[in-house]
Ligand code: NAD
């Protein structure tokens with residue numbers, strides 16, 4: 003069985019889907035692993051390190067030739083995959099709701115697209131979940147970037163020249179990224195508060211030593227849908243939340259927004275009016291900027307200044323920590339394929355629960371129910 007890994011070609015993508023550690027582990031399972039020259043360089047992995055781990059290193063065409071499985075961070079263009087075996091698997095992120103054309107091209111090419119971002123949120127799939135592994139790093143990097151952009155210190159400092167006040171940090175959306183943002187801001191010495199639409203997060207916020215900011219006694223407050231994801235909230239709830247949050251935001255120095263709803267544009271959490279209510283010199287980091295943004299006026303990869311407030315957001319936040327992000331992404335791939343490894347067949351055989359959840363295309367067709375049901 004041949005596993006191929008290409009250099010990522012999307013603009014600003016520094017990650018790579020294989021680490022030397024996982025190359026060796028795949029080889030131990032009996033696979034031949036091939037990596038494109040230079041694929042790991044932006045994530046601080048040399049060709050030599052892959053070779054030492056037992057991988058072949060070569061041109062894209064040589065690597066792809068007769069591949070059974072292709073691993074990616076972002077799904078490669080179909081044109082790059084000519085030469086792979088018919089029906090080859092491609093495990094990567096596909097952003098399938100926004101990039102349907104790519105999914106159609108994979109179907110047409112007879113490839114089997116496995117969408118890593120559709121990994122179900124069940125306990126046994128936790129170690130395979132790229133959204134979690136990457137969001138955790140993104141939450142950390144968001145706080146560091148905000149701290150760097152902020153013209154004041156995070157911790158309280160009592161000095162001979164006078165006292166520096168602790169920064170007030172407010173985290174909106176307490177999923178994987180938000181929890182890490184809270185923990186990181188606490189470590190830096192900030193005064194931290196947080197909110198979410200899922201009431202289950204209240205306890206998690208408190209357990210990290212931060213203050214929960216929650217609307218009480220409004221219908222539709224649970225906000226939790228299938229698989230632990232957020233659902234869209236009732237109008238009544240949205241109004242009450244906006245009022246509570248407005249008052250709170252005006253007193254913050256740093257706001258980190260992380261709210262996402264799968265398959266939908268990111269919910270708008272901060273309006274221009276709310277930005278105007280903040281003190282000059284405050285910073286907002288919009289982790290959802292690439293999904294449409296939680297913050298009015300945020301622009302990917304730009305520092306936008308409005309009413310004296312700096313608004314920041316990366317289109318690929320985890321990619322700013324490419325070495326760690328790649329190592330964890332590679333582990334997610336390995337944990338996924340190795341969990342289903344059939345020793346006799348010498349290849350992975352997916353079960354229904356996880357296979358059906360991640361498989362977008364098969365036998366020349368789009369097969370995923372979230373893409374076929376309209
Ligand atoms: P996400 O990236 O989908 O969303 C980020 C957060 O934003 C979520 O907490 C969501 O509730 C919140 N949000 C959405 N709309 C909002 C709004 N209008 N205002 C405020 N907040 C809003 O979420 P995530 O990080 O992937 O995690 C969601 C949950 O799923 C967590 O409880 C997490 O622990 C769980 N999870 C479980 C697994 C697993 O079991 N394999 C894997 C990943 C995540």
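Residue numbers (UniProt numbering): 3 to 376.
Just so it is clear, CB atoms sit at the ideal spot from N, CA and C, and this is done for glycine as well.
Just so it is clear, the structure is predicted and the values come from calculations on it, not from any experiment.
Check, Outcome
"Neighbourhood of residue 109 by C-beta, 7 Å cutoff - its chain only, sequence neighbours within 5 removed", "363, 366, 367 and 368"
"Assigned exposure category for residue 137 - 16 Cβ within 10 Å defines buried", "buried"
"Sufficient close CB pairs (3 or more, under 8 Å) joining the segment 4 to 12 to the segment 60 to 77", "yes"
"Beta-carbon gap between residue 80 and residue 94 smaller than 8 Å", "no"
"Boundaries of the alpha helix (DSSP H) in which residue 28 is found, first to last residue", "22 to 30"
"Touching by the beta-carbon criterion (3+ pairs, under 8 Å), the segment 297 to 314 and the segment 280 to 289", "yes"
"Own chain partners of residue 276 with C-beta closer than 6 Å, once the 5 adjacent residues on each side are dropped", "248 and 251"
"Buried or exposed (CB count within 10 angstroms, at least 16 for buried), residue 241", "exposed"
"Residue(s) in a DSSP beta bridge with residue 214", "196"
"CA-to-CA distance, residue 202 to residue 347, given in whole angstroms", "43 Å"
"Cβ-heavy atom distance, residue 320 to ligand 1, below 7 Å", "no"
"Beta-carbon gap between residue 176 and residue 196 smaller than 8 Å", "yes"
"Neighbour-count burial assignment, residue 307, 16 or more Cβ in a 10 Å radius", "exposed"
"Residue 60 to residue 82 span [Cα, whole Å]", "14 Å"
"Cβ-heavy atom distance, residue 98 to ligand 1, below 7 Å", "no"
"Local conformation of residue 288 per DSSP, three classes", "strand"
"contact_flag[the segment 329 to 336, the segment 15 to 25] where n(CB pairs < 8 Å) is 3 or more", "yes"
"Residue 165 and residue 159 closer than 8 Å at C-beta", "yes"
"Length of the line joining the Cα atoms of residue 304 and residue 151", "12 Å"
"Coil, strand or helix - residue 97 by DSSP", "coil"
"Inter-residue Cα distance where the pair is residue 180 and residue 310", "25 Å"
"Residue 6 in three-state terms, based on DSSP", "strand"
"Cross-strand partners of residue 368 (DSSP beta bridge)", "363"
"Cβ-heavy atom distance, residue 271 to ligand 1, below 7 Å", "yes"
"Bridge partner(s) assigned by DSSP for residue 172", "195 and 257"
"Burial state of residue 1 (16 or more Cβ within 10 Å)", "Given a span of 3 to 376 for the chain in the structure shown, any question on residue 1 remains unanswerable."
"Unbroken beta strand (DSSP E) run spanning residue 58, endpoints", "58 to 60"
"Any non-hydrogen atom of ligand 1 closer than 7 Å to residue 288 Cβ", "no"
"Three or more C-beta pairs below 8 Å linking the segment 265 to 273 and the segment 184 to 196", "no"
"Same chain, Cβ closer than 6 Å to residue 320, five either side skipped, listed in chain order", "136, 139, 140 and 327"
"Residue burial classification, residue 198 (beta-carbon count within 10 angstroms, cutoff 16)", "buried"
"Euclidean distance between Cα positions of residue 30 and residue 134", "26 Å"
"Residue 125: CB within 7 Å of a non-hydrogen atom of ligand 1", "yes"
"Residue 345 (DSSP reduced to helix, strand or coil)", "coil"
"Residue 143, DSSP secondary structure in three states", "helix"
"Alpha-carbon spacing of residue 146 relative to residue 161, whole angstroms", "23 Å"
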